[in-house]
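Remarks on the structure that follows.
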Amino acid sequence: MLPSPPPLPSPPPLPSPPPLPRTLTGTVLGRNGLNLRVAPVNGAIIQRLPYRSTVEIVGAQPQAGTNYIWANVNTNAGASGWVRTDFLSIAGDGTALGLSRGDEYPAPMTNYWWVRGFTLGQNPGEADHWGWDFGAEVGEAVRSGPKGGRVIGVLTCTRCTPARPNVLSQGLNLNDPNVLNDPAWGFGYGHSVIVRYLNDQLPASTQQRLRDRNQAGYHVFVIYAHLSRVDVAVGDEFSTATVIGACGNTGNSSAPHLHLEVRAGADADETQWFQLRAGLTDPGLLFLR
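Next up, the structure:
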């Protein structure tokens, strides 16, 4: 009787398929839409993309001499072109294109539009602006980040009234130095809340950006400004997406909006906003649009 043949060797396991590419999308935040151009900056306009329409982002290119980035996008209707990324709310990991990673804190409001970004001399011909401005209706809820936070300051605008909430309604000029140095105007911020987010409450991308700028372990401090009302008090600890207050038009303001300003600091016990001036940074350190 012949011996049984040896068993055949098991076939090697099939290699795992490569992960499917994650689609990077953008939602248009321009209240009046956004121009889709043939090329960045001054390219001919192909069409106007409506507010809250979505596009697929397939590339990106910085605009020389500015802090603007242009995205190469495809529309749902099959058009392709370029748009400025500060007018997009980006979903997905865009780090390969020099964009947000996607784990950052969401914008603090649900219903909003983009008004203005951060610049400290990067954009020729533009005045410095220390934060991001999101337009919204008065009363739109403003929420904290998803991982806690602590209120370290509240600014109350005692000169702001429901009938005359801002400088223009009281016959004053925007950016009047007397207003910006007056605590009765909330130093121009109007009704505002200052929140500290400890380093371990920050998304991984924010922690890495801090390390990249030799600020490992730093904490992030945020002022939510020009509110119509404040719903929290100093010392309050937040849970996920706690309502801080409501969008308004108080202080050094010309229209309803939320001014979001961010500063990084090493001292978790710092409570004086103006002592954190050296840590002023683009809110993109922590937030998505």
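Sequential numbering of the sequence shown, starting at 0, is according to numbering that gives the first Met the number 0.
C-beta atoms are modelled at their ideal positions from N, C-alpha and C, and glycine is treated no differently.
Ends of the alpha helix (DSSP H) at residue i?
| i | result |
| --- | --- |
| R210 | 203 to 211 |
| P176 | 176 to 179 |
Enumerate in chain order the residues of its own chain whose CB-to-CB distance from residue i is below 6 Å, with the five nearest sequence positions on each side excluded.
| i | result |
| --- | --- |
| P20 | Reliability fails at P20, whose pLDDT of 46 lies under 50, so the model's placement of it is uncertain and the value that follows must be treated cautiously. Closer than 6 Å at Cβ, skipping near neighbours: no residue. |
| P61 | I68 |
| R163 | Q169 |
| Y104 | G144, L285, F286 |
Can you tell me the Cβ-Cβ gap for residue i and residue j, rounded? I've got them flagged as a contact below 8 Å.
| i | j | result |
| --- | --- | --- |
| V261 | T280 | 6 Å |
| Y67 | D92 | Actually they do not touch by this definition, with Cβ atoms about 21 Å apart. |
| L197 | A267 | 6 Å |
| L259 | A245 | About 14 Å separates the two Cβ atoms, so there is no contact after all. |
| R30 | Y50 | 6 Å |
| V137 | P255 | 5 Å |
Any idea what DSSP makes of residue i, helix, strand or coil?
| i | result |
| --- | --- |
| D132 | strand |
| F220 | strand |
| A70 | strand |
| P20 | Here P20 scores only 46 on pLDDT, less than 50, and its place in the model should not be relied on; the value that follows carries that caveat. Coil, per DSSP. |
| T118 | strand |
| P105 | coil |
| R276 | helix |
| S253 | coil |
| L13 | Because L13 carries a pLDDT of 47, less than 50, the predicted location of this residue cannot be relied on, and the following value inherits that uncertainty. L13: coil per DSSP, three-state reduction. |
| S143 | coil |
| T160 | coil |
| A267 | coil |
| T25 | Checking the displayed sequence, the identity of residue 25 turns out to be Gly instead of Thr. Looking at G25 - three-state DSSP - the assignment turns out to be strand. |
| L96 | helix |
If distances are taken between C-alpha atoms only, which option among the options comes closest to residue i?
| i | options | result |
| --- | --- | --- |
| S252 | S79, E139, V178 | V178 |
| S185 | V166, E236, Q60 | Note that residue 185 corresponds to Gly in the displayed sequence, not to Ser. Considering only alpha carbons, the answer is V166. |
| V150 | N73, W272, R208, R47 | W272 |
| R288 | R83, I45, Q62 | R83 |
| A43 | W131, T53, S79 | S79 |
| W113 | A126, S88, D127 | S88 |
| L23 | G97, G32, R47, Q46 | G97 |
| Q214 | G32, L48, G278 | G278 |
| C156 | E236, G187, V231 | G187 |
| L289 | L48, Y223, E236 | Any question about residue 289 goes unanswered here, given that the chain covers just 0 to 288. |
| N122 | A63, V242, A183 | A63 |
By Cβ distance below 8 Å, which residues in the same chain neighbour residue i in space, the five residues on each side in sequence not counted?
| i | result |
| --- | --- |
| M108 | F133, A135, E139, A140, V141, R142, C246, L257 |
| P16 | In this prediction, P16 has a pLDDT of 46, which is less than 50 and means its spatial position is unreliable; what the coordinates show is noted afterwards. Closer than 8 Å at Cβ, skipping near neighbours: no residue. |
| N73 | V54, E55, V57, S79 |
| E125 | T118 |
Checking contacts by CB at 8 Å: is residue i closer than that to chain C?
| i | result |
| --- | --- |
| D211 | In the structure shown, chain C cannot be found, because there is only a single protein chain. |
Residues in the same chain with beta-carbon distance under 7 Å from residue i, minus the five sequence neighbours each way, listed in chain order, please.
| i | result |
| --- | --- |
| Q293 | Residue 293 is absent from the structure shown; the chain starts at 0 and stops at 288. |
| L275 | F220, R262, G264, E269 |
| P18 | Bear in mind that the predicted position of P18 carries a pLDDT of just 47, short of 50, making it too unreliable to give a figure here. |
| S204 | R100, D102, E103 |
The beta strand (DSSP E) with residue i in it runs from where to where?
| i | result |
| --- | --- |
| C246 | 242 to 246 |
| E260 | 256 to 264 |
| Y196 | 190 to 196 |
| Q46 | 44 to 48 |
| P61 | 53 to 61 |
| V150 | 149 to 154 |
| R30 | From DSSP, R30 is part of no beta strand (DSSP E); its letter is neither H nor E. |
| S82 | Here residue 82 turns out to be Val, not Ser, going by the sequence shown. Element bounds for V82: 79 to 83. |
| L173 | Run containing L173: none; DSSP gives neither H nor E here. |
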